[in-house]
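When you read off a place in the sequence shown, starting at 1, and then add 171, the result is the number in the working numbering. Everything on this sheet refers to the single structure shown next.
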Amino acid sequence: MAAESGSLARRFSRGFAWNYLSRVVEFGLRFLFVSYVAAQFGPASFGIYSFATSTAALATLLAALGDEQALNNFTPVLRDDPRALRWLLRRLLLRRSVLTGVVALVLLAAAPL
């Protein structure tokens with residue numbers, strides 16, 4: 172039992188370290204990319220770019236509406252019932268697709284011509 176807990180603690184520590192390192196690299200690359208784009212676009216164009224990416228991020232957030240939490244909560248519960256799990260996955264995919272379409276149509280209708 173002690174060997175298992177030591178192995179689990181080591182695996183957890185390594186996983187945590189790799190996850191943290193990947194996040195640092197991700198944010199560093201994002202910083203470099205945004206700095207490059209800002210330098211290439213100039214203030215006015217970069218403002219438009221920033222607004223567009225922020226709007227897209229908000230639309231993505233609104234389209235998700237808790238799908239990840241539902242998957243995290245119900246996947247372990249439904250592990251022994253593949254039919255119910257398949258129904259849940261299909262329902263969440265359909266829900267997200269419809270919401271994404273609605274958000275896209277609203278943004279398209281609100282866009283200046």
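Positions of the beta carbon are idealized from the N, C-alpha and C atoms, including for glycine.
Cβ pair count under 8 Å reaching 3, the segment 217-232 against the segment 240-258: no
Note down the Cα distance separating Trp189 from Ala280, rounded to an integer number of angstroms. Residue mapping note: residue 189 aligns to position 18 of the sequence shown, counting from 1. Residue mapping note: residue 280 aligns to position 109 of the sequence shown, counting from 1. Each residue's Cα considered, the two are about 43 Å apart.
Nonlocal neighbours in the same chain, by C-beta distance under 8 Å from Val208, ignoring five residues either side: Against the sequence shown, residue 208 aligns to sequence position 37. Excluding residues within five positions, the ones whose Cβ falls inside 8 Å are Phe217, Tyr220.
Run through DSSP, which three-state label would Arg250 get? As a working mapping, residue 250 is identified with position 79 in the sequence shown. Arg250: coil per DSSP, three-state reduction.
For a test of the three-state rule: what should DSSP assign to Pro283, helix, strand or coil? Reading the sequence shown from its first residue, position 112 is the one you call residue 283. It is coil, neither helix nor strand.
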